[in-house]
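K.L.:
Using our numbering, the first residue of the sequence shown is number 54, and each one after it goes up by one. Every residue gets a Cβ at the ideal spot worked out from N, C-alpha and C, and that includes glycine. The structure displayed is predicted, hence computed values, not measured ones.
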Amino acid sequence: MSRPRTRHVNAAGAAPTPVELYDTTLRDGAQAEEVSYSVEDKLRITEKLDELGIHCIEGGWPGASPKDVLYFKEARKLTLDRSAVVAFGATHRAGVEADQDPALRSLLDAETEIVTIFGKSWDFHVTQALNTTLDRNLKLIDGTIAFLLRHGRRVFYDAEHFFDGYKANPAYAMRTLKAAESAGAERLILCDTNGGTMPWHVREMISAVQAGIRAPLGIHAHNDSGVGVANSLTAAELGITQVQGMINGLGERCGNADLCAIIPNLQLKMGRRCLDDAQLARLKEVSRFVWEITNLQPPTHQPYVGESAFAHKGGVHVHAIRKSPLTYEHIRPELVGNRQRVLISDSSGKSNLLQKAADYHVVIDQSNPNLAALLEQLKTLEGQGYQFEGAEGSFELLMKKAVGGYRRFFELIGFRVIVEKRREGEEAVSEAMIHLKVGDAVEHTAAEGRGPVGALDNALRKALEKFYPELQEVRLLDYKVRVLAAGRGTASRVRVLIESGDTEHKWGTVGVSENIIEASWQALADSIEYKLLRDHAQKQAAGGQEPPRAAQRARRNGKRPSSGDDGGVNRKGSSRKRVGRRERREG
Ligand SMILES: [Zn+2]
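(1) Would you tell me roughly how many angstroms separate the C-alpha atoms of Ala444 and Lys376, rounded to the nearest one?
(2) Fully enclosed by the stretch 404 to 486, which beta strand (DSSP E) runs are 3 residues long or longer?
(3) Who are the near neighbours of Val536 in its chain, counting only those whose CB is closer than 7 Å to its CB and skipping five residues on each side?
(4) Take the Cβ of Ala425 as the centre, count every other Cβ of all protein chains shown within 10 Å, and call the residue buried at 16 or more, exposed below.
(5) Under 8 Å: do the stretch 140 to 154 and the stretch 111 to 127 share three or more Cβ pairs, one atom per stretch?
(6) Check whether the Cβ atoms of Ile198 and Ala238 lie closer than 8 Å to each other.
(7) I'd like to check one pair, Tyr521 with Phe462: are the Cβ atoms closer than 8 Å?
(8) Hey, would you say the C-beta of Asp531 is under 7 Å away from at least one heavy atom of ligand 1?
(9) Using only the alpha-carbon positions, how far apart do Leu465 and Ile581 sit?
(10) Please determine, among Val416, Phe448 and Asp176, the residue with the shortest C-alpha to C-alpha distance to Gln430.
(11) Taking 7 Å as the cut-off, is the C-beta of Asn284 nearer than that to any heavy atom in ligand 1?
(12) Note down, in chain order, each residue of its chain lying with its Cβ closer than 7 Å to the Cβ of Asp94, except the 5 sequence neighbours on either side.
(13) Using DSSP with H/G/I as helix, E/B as strand and the rest coil, what is Cys327?
(14) Under three-state DSSP, which class holds Ala182?
(15) How is the beta strand (DSSP E) around Ala499 delimited, first residue to last?
(16) Rank Ser260, Thr498, Lys490 and Gly492 by C-alpha distance to the C-alpha of Glu484 and give the top, closest one.
(17) Is the distance from the Cβ of Ile316 to the Cβ of Leu74 below 8 Å?
(18) Do Tyr439 and Val358 have their C-beta atoms closer together than 8 Å?
(19) Alpha carbon to alpha carbon, how far is Gln263 from Leu291? Give it in angstroms, no decimals.
(20) Helix, strand or coil for Thr70? Go by DSSP, reduced to three states.
(21) According to the Cβ coordinates, are His372 and Ser404 closer than 8 Å?
(22) Could you give the C-beta distance for Ala268 and Ser285, rounded to a whole number, given that I count them as a contact under 8 Å?
(23) Can you round the beta-carbon distance between Val563 and Phe441 to whole angstroms, since I take them to be within the 8 Å contact cut?
(24) If I follow the unbroken alpha helix (DSSP H) through Glu239, where does it start and stop?
(25) Residue range of the alpha helix (DSSP H) that Val262 falls in?
(26) State the Cα-Cα distance for the pair Asp418 and Val280, rounded to the nearest angstrom.
(27) For Ile198, report the span of its alpha helix (DSSP H) as first-last.
(28) Specify, as a first and last residue, the run of the beta strand (DSSP E) that Ser566 falls within.
(29) DSSP three-state label for Ser340, please.
(30) Going by DSSP in three states, Thr144 sits in which element: helix, strand or coil?
(31) Does the structure place the stretch 219 to 234 close enough to the stretch 161 to 169 that three or more beta carbon pairs sit under 8 Å?
(32) In whole angstroms, what is the alpha-carbon distance linking Ile110 and Leu123?
(33) Is there at least one Cβ from chain B nearer than 8 Å to Met258's Cβ?
(34) Could you tell me which residues DSSP pairs with His372 in its beta bridges?
(35) Please list the terminal residues of the continuous alpha helix (DSSP H) segment that includes Cys313.
(36) If you drop the 5 nearest sequence neighbours on each side, which residues of the same chain put their C-beta closer than 7 Å to that of Val472?
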């Protein structure tokens, strides 16, 4: 596959050198408004970044946070294959010498091989924020680095506000870098702390620095102007050694340069190697992991790793990518662990539908007589307000009902939901009664819930769990209601989107009605059917053997053994935990 490539040589005409990746998710990223990591969270992220192959992990600022002191103590016990955990701190206080500054002492106590120290490059900051003289600031830089080297540390130097400082007073900004270089700093990292510098100015200033400094350089770019990644790549193009950033670009204000974009750009577009191929293919997984631990919903349009990064909706596009993905994709999604998705919408044609069916291993022949009817049905449903993006579980059921592969696991006889408020000032109580049939057995169950939908969900599962014990592992993860605009002469409808999950998967289902309970019922029933159908298909693929335990249990209950029961789905610790976290958030 030939793709346009940039020049893969550096200024000296030699092959490009690898780039050192420095992640500061746990320090700078933890300063993002909505982020609060526990020590345990930080340790788990550290291990994940090590698996990805990040070279340096900035773990925290032990001089500023007691939590970070504990983190470094615990991080020493981790067995990391590739990553070095780095402690972060400032140059020592102006009023004392290095060996009297308790903050430097706590940096040593973190017991990391590498320490990153930040110092002032901008004359205005030295006199206004640090309240000292320009000469004294140079001594702080020199004295701090010398102190750490004396104690056997490797030292990286972060030149805070370097680009703003250089703009204001280039001679002084360069003197601060020289002070750090001659003191023995191993890397000089140029920081765009306020995130206001444009890529072409970054290029000019780094070129000027390269003319006067021999020590390897790095970049640390904030994203306040939306060019954090562009600035990092500009610096990389100039041959710098280290790129700092964060997984998912989380950070203070508008965040920092997103490593999930930087890494594939460096490696796939610029030929600057930083990870091996297998590590790069875990990028999306690591991105999702950090979103989950951070307890934030991943943005679907995140470049490279977002769910929508390789999603195609327009019929023409889908037709073309079926011939060659190169037509509308800039890289193969598998390179970063993502996947191509074909969305269904009223703009979709047969191509989308066939591609989508293939994704679900539903075999539909081009000439299947039900295909046209299915397309027609989809368009009708979408006209009524159904939307299958995000409700792929309902979509799969719909396809299987049309072209085969569907079976019924239960039959609804009826349900009733009561919401009762007994006294003013008291919370309303919801109760649902459900009446359904499984084979020849009739089941009548009631359950309560915090709301009418919760009560209905509880009653439905309670009624079905004795027939299908695997439903015990299904959790309702997210519930969204949207009011759809009323059409001419019709009342407004609601669309309910439900996300459910078990120990291994997540799936979305949808319902639409003028009645919110009815819309919710459709989505709930689809969710349960989808789970049963998928487990049933998996079991059949595995040879159709029913686990004896489940069969015995069914006989004990006096029921016909249910073919949907696999009784022993693999349980994965991590995904169980993940589901648990989501529940906490939404519950
Ligand atoms: Zn920063």
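P.N.:
Based on what the coordinates show:
(1) Whole-angstrom Cα-Cα distance: 26 Å.
(2) 464 to 473
(3) Only Ser545 and Val547 meet the Cβ criterion.
(4) exposed
(5) With contact defined as three or more Cβ pairs closer than 8 Å, the stretch 140 to 154 and the stretch 111 to 127 are in contact.
(6) Yes, the pair counts as a contact, with Cβ atoms nearer than the cut-off.
(7) Cβ distance < 8 Å, so Phe462 and Tyr521 count as in contact.
(8) no
(9) One alpha carbon belongs to Leu465, the other to Ile581, and they sit about 13 Å apart.
(10) Phe448
(11) Not so, every heavy atom of ligand 1 lies at least 7 Å from the Cβ.
(12) Cβ within range, chain order: Ile346.
(13) Three-state result, Cys327: coil.
(14) It is coil, neither helix nor strand.
(15) Ala494 to Gly502
(16) Thr498
(17) yes
(18) no
(19) 9 Å
(20) Here Thr70 sits in coil by DSSP.
(21) yes
(22) Not really, about 19 Å apart at Cβ, beyond 8 Å.
(23) Yes, they are in contact, since the Cβ atoms of Val563 and Phe441 sit about 7 Å apart, within 8 Å.
(24) Segment: none, Glu239 is in no alpha helix (DSSP H) and carries neither H nor E.
(25) Boundaries of the alpha helix (DSSP H) harbouring Val262: Pro252 to Gly265, taken from the DSSP string.
(26) 47 Å
(27) Leu187 to Arg203
(28) Lys559 to Ser566
(29) In the structure shown, Ser340 adopts helical secondary structure according to DSSP, grouped into three states.
(30) coil
(31) no
(32) 16 Å
(33) The chain inventory of the structure shown lacks chain B, comprising one protein chain alone.
(34) DSSP output for His372 lists no bridge partner at all.
(35) Leu312 to Pro317
(36) Ala481, Ser483 and Pro505
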